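Colleague: Per my numbering, the sequence shown runs over residues 744 to 1108.
Glycine included, each C-beta is placed from N, C-alpha and C at the ideal position.
In this text, all values refer to a predicted model and were calculated from it rather than measured experimentally.
Take a look at this one; I'll ask things after.
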Amino acid sequence: MSETRSFKLTRTTVPIPFPAQHIQSFGLFYRVGLVYVFKDANGRIVKAAAKLDDAPYQRMIIDDPNILRIFGENGDAIDMRILHPWPTFRLDPVRPVPEDGDNLDMSIFDVARLVEITHLPAAARFGTERHHLGMVNDVEGGAVRERVRKTFEEDWAKGTAKGAKSRATPVAPKKRAGPQSSKPLSNTRQGKDPDLLEDYLKKRIKRNKRNAVPPKANDITKPSSLSPIEEQPELECEQEKEVLSPATALASTASISTPLPLRNNRVPPMSKGPYGKRMGPILDQILAKLPADMHFEYYYFIDNGRHKTAAKPADKKRMHTDLEVFVRRHDIVDLHNQYARLGISSGWNIPCRIPLFDEDEETAS
């Protein structure tokens, strides 16, 4: 008759917390409690366990001999570098989840086993069904990788052959004019049709006008020989000495050098309701008293300017000063105040409101 002996496992506490960042899909607020290691009669660690707080599982067990090596011989340390510079684990239910999913017993998720997935293919790192629990067919994975590699090599070979064929076709070298060359473009560079040269010049002029920086009021030069714009008369000395807002300089110079884009030369939208209906006629009266080239400047003050400077106190103060100079110079203080009052009554936001000016002050020169 054989005698059986049972040895009781000894439990000790690991003084170091388990690094939860190595567990895949472990929530930010999930916590791993104290880790206990269990030793047999010979002092060998046979398993480890820990309580999980605020996690899908209640307890975590570690019974993989390879993972248990992180606790050392005495179970008083946790050294992940024994496995990998940055090992990755996942929690799998101890009991496999049924594949059909019918009559699922939630007690399956009470205890989870820590499984190392550092060296598994990416497709096998997720899932809790039976065929995902570490059962990875490396033969099938190798066949897939081989097919992908062959497809890539075939595509690369086709692209290389196509590129070699195109390079084998003789092509006349392109001649590029030197930096100091002033010769006009030849028709051969624009194509067989000589009309393309004229189209190219028109597009180039249009692009230059769109990208050109507006010149200063006292530095107006004649248009280039490529530009069809006629020469404009010089500004009067009084206008050259005036210093206004950037929008004013843009409007005054753009009217001389290039026409303003339509997107900037738009009429500001009127407010809806009874106040908006009354603002339209007043704006018409203001524009009637202003020169045609000053319309855009006033549009800037009452639309784009007040919105762009709403969050910038220094720019808003500068714009209000320029606006006061503008309305007093053109004697539209009364009409401007009427327009601004209606705009405020219609619901303009406080940061976007334009100021009212005293009508009794002398007109600024």
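In terms of alpha-carbon separation, which member of G1048, G786 and F1100 lies closest to N1080?
Modeller: The residue labelled residue 1080 in the question sits at position 337 within the sequence shown. That would be F1100, whose Cα lies nearest to the Cα of N1080.
Colleague: Look up Y779 in the DSSP assignment and give the residues it is bridged to.
Modeller: The residue you call residue 779 lines up with position 36 of the sequence shown. In the DSSP output, where bridge partners are listed per residue, Y779 has T756 and A792.
Colleague: With burial defined as no fewer than 16 other Cβ atoms inside 10 Å of the residue's Cβ, what is the status of A1054: buried or exposed?
Modeller: The residue you call residue 1054 lines up with position 311 of the sequence shown. That one is exposed.
Colleague: Since I804 and A792 are thought to touch, with beta carbons under 8 Å apart, how far apart are those beta carbons, to the nearest angstrom?
Modeller: As a first step, residue 804 must be located in the sequence shown, where it is residue number 61. As a first step, residue 792 must be located in the sequence shown, where it is residue number 49. 5 Å between Cβ atoms; contact.
Colleague: For T756, is the classification buried or exposed, using 16 other Cβ atoms within 10 angstroms of its Cβ as the cut-off for buried?
Modeller: What you label residue 756 is simply residue 13 of the sequence shown in a count that begins at 1. Under this definition T756 is an exposed residue.
Colleague: What whole-angstrom Cβ distance do P758 and M823 have, given they're in contact under 8 Å?
Modeller: Here residue 758 corresponds to residue number 15 of the sequence shown, with the count starting at 1. Here residue 823 corresponds to residue number 80 of the sequence shown, with the count starting at 1. That pair is no contact at about 16 Å.
Colleague: Can you tell me which of E889, I825, P864 and L795 puts its alpha carbon nearest to the alpha carbon of R856?
Modeller: Counting from 1 along the sequence shown, the entry for residue 856 is found at position 113. Ranking E889, I825, P864 and L795 by Cα distance to R856 puts L795 first.
Colleague: Determine the contact status of R1096 and R1049, defining contact as a CB-CB distance below 9 Å.
Modeller: As a position in the sequence shown, residue 1096 is number 353, starting the count at 1. As a position in the sequence shown, residue 1049 is number 306, starting the count at 1. The answer is yes: Cβ separation under 9 Å.
Colleague: What do you get for V891, buried or exposed, if any count of 16 or more other CB atoms within 10 angstroms of its CB means buried?
Modeller: Looking up residue 891 in the sequence shown gives position 148. So V891 ends up on the exposed side.
Colleague: Looking only at DSSP bridge pairs, what is P836 linked to?
Modeller: Walking along the sequence shown from the start, residue 836 turns up at place 93. Beta-bridge pairing links P836 to A855.
Colleague: For Y1041, which of L777, M1062, R1021 and P1056 has the nearest alpha-carbon?
Modeller: Indexing the sequence shown from 1 puts residue 1041 at position 298. Ranking L777, M1062, R1021 and P1056 by Cα distance to Y1041 puts M1062 first.
Colleague: Could you compute how far the alpha carbon of Y800 sits from the alpha carbon of V775?
Modeller: In the sequence shown, residue 800 corresponds to position 57, counting from 1. In the sequence shown, residue 775 corresponds to position 32, counting from 1. Their backbone Cα atoms lie some 11 Å apart in a straight line.
Colleague: Counting pairs of Cβ atoms below 8 Å between the stretch 810-820 and the stretch 778-793, do you hit three or more?
Modeller: At 8 Å Cβ cutoff, the stretches touch.
Colleague: Distance, Cα to Cα, S850 vs I825?
Modeller: The residue labelled residue 850 in the question sits at position 107 within the sequence shown. The residue labelled residue 825 in the question sits at position 82 within the sequence shown. Spanning the two alpha carbons is a distance of roughly 33 Å.
Colleague: In terms of alpha-carbon separation, which member of L834, V858 and R754 lies closest to A784?
Modeller: Counting from 1 along the sequence shown, the entry for residue 784 is found at position 41. The shortest Cα separation from A784 among L834, V858 and R754 belongs to R754.
Colleague: Three-state secondary structure (DSSP) at R1021?
Modeller: Sequence index remark: in the sequence shown, residue 1021 carries index 278 (1-based). Of the three classes helix, strand and coil, the one that applies to R1021 here is helix, per DSSP.
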